[in-house]
Every structure is written in C-alpha cells, then in structure tokens.
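Student: Numbering (this note's numbering) for the sequence shown: 1197 to 1349.
For each residue, glycine too, the CB sits at the ideal point set by N, CA and C.
I'd like to ask some things about the structure below.
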Amino acid sequence: SVESKDNGVLWQLDRDTFNHIVKEAAQKKRQRYDTFLAKVPLLSSMDAYERSQLADALKVENFPAGATVVTQGEVGQKFYILEEGDACATKNGVEVMKYSAGDYFGELALINNKPRAATVTTKSEARLLSVDARSFKRLINVSELMEKSNRYT
C-alpha cells in the first residue's frame, strides 16, 4: 500500500485505457522507425515484423559535435545507427571511416566479443539509435552481418 504524507490529488486509469495509451505509443514509434530502418543496408532484408521488434528495442541518444561515442579498446555494449548528423571512425588517431545518416557501427565488437576496433566521434550534432548487446544478438541475423562486416577487414 501507499501512504501520502501530504494532501494531494490522485489520478486513476483503468487497465484498458492504460493499455491503449501504451500500445498507441509503441505503434507510433514502430511506424516512425520502420521506413528509416528499411533504408539501412544491413537491415534491408528484415521483414516488417522484424523491423518492428528492432524499433521497440531502439534507444535514442543525442551527442554534441566532437563527442566520443565509442572508444577504441573498450568493451562493446551497444550497436549504433546514425539517424542524423555525421561521425568518423579513427584507429590510432588515423581516420578510417566516415558515417552519415543510415550508417551503422559497433557491430564488430558485439559479433566477435572483442574490444572496439576504432574510436567513433561525432563531426556535428548527432542523433543515434542504439541497441544493447543482448537485444542486438536476439534481433539481428548475425551470420548475415558477418558477411557484410568483411568490408572492414
């Protein structure tokens, strides 16, 4: 039970109304990201249901220009998709890759269970979508990713 220390106003929602609100919010999020995710090369082979599952797991992270998103050598905890802005990857201080909207990074550390291969820094204000390692391995076809990740080696 809950006991109030001061006088207050209590609001109540019935179960059906609460469920409707939650489901509607989830549906809007899925619709917002479905088209975007379909344009990401890695995810283009996913069907609408798989993309909706991924959309449910996405977390939005905003970074200012010049911010470090991941650092070379650290343990990988997340997979990132750049929704807005620009970023670059550096290895030992040398730029090795540029990223723009729709590009992704962080998959190699999660697939191979190895430290981050590069440092990724934002070049402008950036909005990234992240997926934690556990959800990544559950929702994304890792064998297909392995084939596509050969572009980095």
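Report the residue from Asp1210, Leu1250, Leu1238 and Val1205 whose alpha carbon sits nearest the alpha carbon of Gln1223.
Tutor: Leu1250
Student: Going straight from the alpha carbon of Gly1262 to that of Ala1305, what length do you get?
Tutor: 22 Å
Student: Looking at the structure shown, is Leu1233 part of a helix, part of a strand, or coil, going by DSSP?
Tutor: helix
Student: Output yes or no for whether 8 Å exceeds the beta carbon distance between Tyr1300 and Val1236.
Tutor: yes
Student: Does the beta-carbon distance from Ala1234 to Leu1335 come in below 8 Å?
Tutor: no
Student: Between the Cα of Thr1264 and the Cα atoms of Glu1246, Val1316 and Asn1309, which residue gives the shortest distance?
Tutor: Val1316
Student: Kindly give me the distance between the Cβ atoms of Gly1272 and Arg1312, rounded to whole angstroms, as I take these residues to be in contact under 8 Å.
Tutor: Contact between Gly1272 and Arg1312 holds, since their C-beta atoms are separated by about 6 Å, short of 8 Å.
Student: Buried or exposed: where does Arg1211 fall if 16 or more other Cβ atoms within 10 Å of its Cβ makes it buried?
Tutor: Arg1211 is exposed by the Cβ-count criterion.
Student: Are Ala1322 and Phe1259 touching if we call contact CB-CB under 8 Å?
Tutor: The Cβ-Cβ distance between Ala1322 and Phe1259 falls below 8 Å.
Student: Quick check: what's the CA-CA separation for Leu1325 versus Trp1207?
Tutor: 34 Å
Student: Determine the direct distance from the alpha carbon of Glu1270 to that of Val1292, and round the result to whole angstroms.
Tutor: 18 Å
Student: Kindly provide the ranges of any beta strand (DSSP E) runs that are 3 or more residues long and lie completely inside the region 1259-1333, ordered along the chain.
Tutor: 1264-1266, 1274-1280, 1283-1287, 1290-1295, 1315-1318 and 1322-1328
Student: Quick one: what's Lys1255 bridged to in DSSP?
Tutor: Ser1326
Student: If you count every other CB in all the chains shown that lies within 10 Å of the CB of Ala1285, and 16 or more means buried, which is it?
Tutor: buried
Student: Reducing DSSP to helix, strand and coil, say where Val1218 ends up.
Tutor: helix
Student: Taking the CB atoms as reference points, tell me whether Arg1247 and Leu1239 lie closer together than 8 Å.
Tutor: yes
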